[in-house]
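So the structure is just underneath, and the comments pick up after that.
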Amino acid sequence: MLITKPRRLRKNLGGGMRHVGILCAVALVALHENVANLDTDHKRAKILAEGLNQIKELRVDIDTVETNIIKLPPRTCCGSLRLV
34 MLITKPRRLR KNLGGGMRHV GILCAVALVA LHENVANLDT DHKRAKILAE GLNQIKELRV
94 DIDTVETNII KLPPRTCCGS LRLV
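Residue numbers 34 to 117, in our numbering, belong to the letters of the sequence shown in order.
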């Protein structure tokens, strides 16, 4: 029991990750070769978010889409998946 909590904390902080060198290499390539495309990528994310809002079961807060990340509320997504 004494060691369980520290192990869980270590894993939550990323200590359980393996082969992170591959992820780092991918991130470096993206930073060095795709920065010029970020503006286009962000615009496409906004368009995608607007399209997702056309689906009755989904709601995206368009004002929060400033980058290429679109956040969907888990309750909305899980509820929609139950319908499928």
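The C-beta atom is built at its ideal place from N, Cα and C for all residues, glycine as well. Keep in mind that this is a model prediction, so the values were computed, not measured.
Please report the distance separating the alpha-carbon of residue i from that of residue j.
i: E99; j: L35; result: 44 Å
i: G84; j: D96; result: 14 Å
i: G54; j: V62; result: 12 Å
i: D74; j: C57; result: 21 Å
i: A69; j: K38; result: 44 Å
i: L64; j: Q87; result: 33 Å
i: E66; j: D72; result: 14 Å
i: V93; j: P107; result: 11 Å
Spatial neighbours of residue i within its chain, please: CB distance less than 8 Å, with the 5 preceding and 5 following residues excluded, ordered by chain position.
i: R43; result: G49
i: A82; result: V93, I95, V98 and I103
Item to complete: Answer yes if the segment 68 to 81 comes into contact with the segment 101 to 108, meaning at least three C-beta pairs across the two stretches below 8 Å, and no otherwise.
Response: Touching, yes.
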